[in-house]
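Each remark here refers to the structure printed beneath this line.
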Amino acid sequence: MGTPTGTGESVITVSGLRMRYDDSFEAVRGIDLEVRRGEVFAFLGPNGAGKTTTVEILEGYRRRTAGDVTVLGEDPAHAGPSWRARIGVVLQESRPERDLTVAECLRLYAGYYPSPRGIDETMELVGLVGQADATATRLSGGQRRRLDVALSLIGDPELLFLDEPTTGFDPSARRAAWDMIAGLRSLGVTVFLTTHFMDEAEHLADHVMVISEGRIVAAGPPGTLGGRQRAAAEITFTLPPGASLAALPGPVRDAVSYGTAGTNGTDHVLLRSARPLAVLGPLIAWAEDAGHDLPDLEVRRPSLEDVYLALTEPGADAPPLEPPEAPRHPEAA
Amino acid sequence: MMTATHARSSARDVLCLALHQFPYDLRAFLRNPQSRFFTLALPVLFLIIFASVFGHQNNTVKVSGGTIDTSVYYVPGIITLGIIAASFVNLVISVTAQRESGVLKRRRATPVPAAAVIAGRTLTAVVVSIGITVLLLVIGWAAYGAHVPARTAPALAVAVIVGTVSFCCLGYALTSVIRNEDAAQPITQAIMLPLYFISGVFIATSILPHWLTVVGDVFPVRHLVEALLTAYNPHTTGAGFAGTDLLIVAAWGAAGLVVALRRFSWLPRGA
C-alpha cells in the first residue's frame, strides 16, 4: 500500500507504555506509537512479543503499569460505554455465541449500540449473506472469523482492532480475509491490526511497527521497513553449461556473493548489488553475445520476511539492519 | 477529558438492554439439548421416579399441621431441584462456557453495561424456573391430585422468584472461582447432590437422622424446600409465607452477590 491515507488526526497515541505482570515478567518495555485516522496500522511480532498485551491495553481490557495512552481522545483504562460505542474489537480467540444464528448474533449485538449499522449491510460487508440463518457454531473457521468481524462492525466503529485475524487459516481463506480487511479502508475505518505474518502486514498496512521482546525494533511503511529500500538487491541465475565464473564480465564477477565454478548443470550464482542495473546490463549483454539463455534469472530485494526474521531474532540486542526509527509524527505537509 | 459524558448508564438503559438481552439468552437456552434435558426433562423424571418408588400404598409424610401423601410431598422438593437446575446449575455451566470461549470478553468490548448482561441472563433463569414450576405443579395435580390453594399461590410465586434470583447470585459467585468449563458440571453436581439428599428433596427430612438435618439447615436448599412446602402444604393456614426460610435463602443470595461482584471476570481464566 503505497500512499498513506491517514488524514493527520491522531486516533491512538501511546508513549512510554510499560506492562509488568505479577512483579516479574515485563511484557511491554516502553513503547511509543501513533495511529492516524483512516490508516491500516500493522503491529507485527512473533508470539509472546507483547502484541496482545499492548492491544488489550488499547482496548481497555488491561491496566498498564506505566505510560500514557490515548485512544479516540480518552484513556481506555477509564473510558465508558460512549467510548466503547466508537470502537470495534476482533479478539484473537473467541468462539461464537452458542445456539444462535448468524442473524441473531448480529441483532443481539446491534442492540448494544446507540446507532448500529444495518444487519443485512453488515453481512454483505463481510460476505456472510447466505449464512444468515446458519447456527453460528456450525460455521467454518473462515466464516466464524467473518462473523467476528461482522460483530465488531455492527456498531459502526471509527476504530477497529483486529488481533491476529487470519491465524490458523488456509491460504485461500487468508486471501479472502485480506480482501475483506482491505475493503474496510473504503468505509473510512481506522484499523489496528496485529499479526505475526509479514506478508499480511505488507499486503494490508500503511504503516508497520515491529515489536520484539516488548520493544519496538522497527517502524515505517512496509516498503522501507528496517532499511529495506536501501538493502542490496539479490540477482540469482544458473550458470549455463560450459560457462564458468571466470568468463563473466568484470562488473558481474565483482558482485558475485556465492557461486560454484564446476561444469555440471547445477551451478547457481548469487550476486548482490545496491545498483542492480549496473550488474544486470553487462550480464545480459554477455549472455546474448555467448548465445546463452538465463531461464531462471531472478532479481529480488530482501523480502519483508527476511527483514522481520532478522529484527525479531531472539536475543538480538540491537536490530541488525538499522536502529529503530523515532515514533512517527504527523507530517507537516 | 470527557469525564462527564461517560457517566454511569442510567437504570433505564440497563433495564432496556437487559430486556433486549433476555430473549436471546432464552432462545439459546431452549435450543440447547443439554439445557433442555437437565433443566426441564430431568426434574419431571425425578418427580415421577421418586413419587412412584416412595409414594405407593398410601405412604404419607409428616408435615406441619398433619400428614400428606408422599407423592404430593415430592412436588415442592422437585420444584426446588428444578429451580436450582434452571438458575444455579445451568447458569454456572453456561456463563463459565461463555467466559472461557471469549463471548463475555467480546461483549465487554461493546457499550452494554455489565448489569444488563447479568440481569438479562437472570431473567431467563426466572422464566425457565417459572416454566418448570408450572410443569411440575400440573403433573402433581394431574397425577397425584395435589393443588395449590389460591390463598397460598402468591407465597409460592414469591418463593420461586426469591429462590431463583438467590441461586443465580450463588451461581455467579461459583462461576467466578471455577477455572474452566469442563469443571463446571461436575462441581455443581458435587455441591448440589449431597444437599438434595439432606434437604428434603429426595428423602423426607422427617426420616433423616437429626444431625443431618442440622447440617442441611445451614444451606439454602433446605430453606427453599421449606418455603415451597409451606405454600404447597394443604394444612397450611394463612397466606403460606415462610418468612424466615425466605430470608435465609435471600441472605445466601446476597452473600453470593457480594462474592460475584468482587470476583466476577469477563476474561477467560483457563488460558
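Protein sequences appear in the order of chains A and B. Here the working numbering is used: the first residue of the first sequence is 1, the next is one more, and so on. Here the working numbering is used: the first residue of the second sequence is 1001, the next is one more, and so on. Here a beta-carbon is modelled for each residue, glycine too, at the ideal position from N, C-alpha and C.
A distance of 8 Å or more separates the beta carbons of I57(A) and R117(A). L309(A) sits away from P222(A), with the two beta carbons spaced by 8 Å or more.
Taking the Cβ atoms as the reference, A49(A) lies roughly 15 Å from E200(A), outside the contact range of under 8 Å. Sorting V1127(B), L1257(B), G1066(B) by C-alpha distance to the C-alpha of G1082(B) places V1127(B) at the top. Its chain contains A27 as the residues whose beta carbon lies nearer than 7 Å to that of Y21(A), once the 5 sequence neighbours on both sides are disregarded; these appear in chain order. For D99(A), the chain B residues whose Cβ falls inside 9 Å of its Cβ are R1027, A1028, F1029, L1030, R1031, N1032, S1035, in order along the chain.
Considering only R1263(B), A1153(B), L1026(B), the residue with the shortest C-alpha distance to I1178(B) is R1263(B). Against chain B, the beta carbon of Y61(A) has neighbours under 9 Å at K1105, R1108, A1109, W1266, L1267, listed in chain order. Residue state for F41(A) is assigned as strand, using DSSP reduced to three classes. Against chain A, a Cβ distance below 9 Å from G1102(B) picks out L91, Q92, E93, S94, R95.
Pairing A1190(B) with V1092(B) gives a Cβ-Cβ distance that is not under 8 Å.
A residue is called buried once 16 or more other Cβ atoms fall within 10 Å of its Cβ, and I1078(B) is buried on that count. Pairing G88(A) with A77(A) gives a Cβ-Cβ distance that is not under 8 Å.
The Cβ-Cβ distance between T101(A) and A66(A) does not fall below 8 Å. The alpha-carbon of R146(A) is positioned some 34 Å away from that of L1174(B).
Around L270(A), the same chain offers T236, S257, Y258 as residues with beta carbons nearer than 6 Å, after the five sequence neighbours per side are excluded.
Counted as a single uninterrupted DSSP element, the beta strand (DSSP E) harbouring V217(A) occupies residues 215 to 220. In this structure, V1148(B) places its C-beta atom within 8 Å of the C-beta atom of L1137(B). Not a single C-beta of chain A is nearer than 8 Å to the C-beta of V1126(B). Under the three-state reduction of DSSP, Y1074(B) is assigned to helix.
Chain A places no beta carbon closer than 8 Å to that of H1056(B), leaving this residue out of the contacts.
Taken atom to atom, the span from the alpha-carbon of T190(A) to that of P1154(B) is near 56 Å.
Around the beta carbon of K1062(B), fewer than 16 other beta carbons sit within 10 angstroms, so the residue counts as exposed. One alpha carbon belongs to H268(A), the other to L239(A), and they sit about 6 Å apart. In the three-state reduction of the DSSP assignment, D1182(B) falls in the helix class, which pools H, G and I. Interface criterion met: the Cβ of P81(A) is under 8 Å from a Cβ in chain B. Listed by position along chain B, the residues whose Cβ is nearer than 9 Å to that of R138(A) form an empty set, because the closest Cβ is around 12 Å away.
Note on F1037(B): under 16 other CB atoms within 10 angstroms of its CB, so exposed under the neighbour-count rule.
Cβ-Cβ distances below 6 Å link L1123(B) to F1022 in the same chain, with the five nearest sequence neighbours on each side left out; the list follows chain order.
The alpha-carbon separation between L245(A) and E288(A) amounts to approximately 16 Å. Secondary structure at I1068(B): strand, using DSSP grouped into helix, strand and coil.
DSSP places F25(A) within a strand segment (E or B) once states are collapsed to three. Within 7 Å of the CB of G155(A), the CB atoms of chain B belong to T1110, in sequence order along the chain. Here the C-alpha atom of L1156(B) lies approximately 14 Å from the C-alpha atom of V1165(B). With the rule of 3 Cβ pairs closer than 8 Å, the segment 196 to 210 of chain A counts as touching the segment 28 to 43 of chain A.
E298(A) has a beta carbon lying at 8 Å or more from every beta carbon in chain B.
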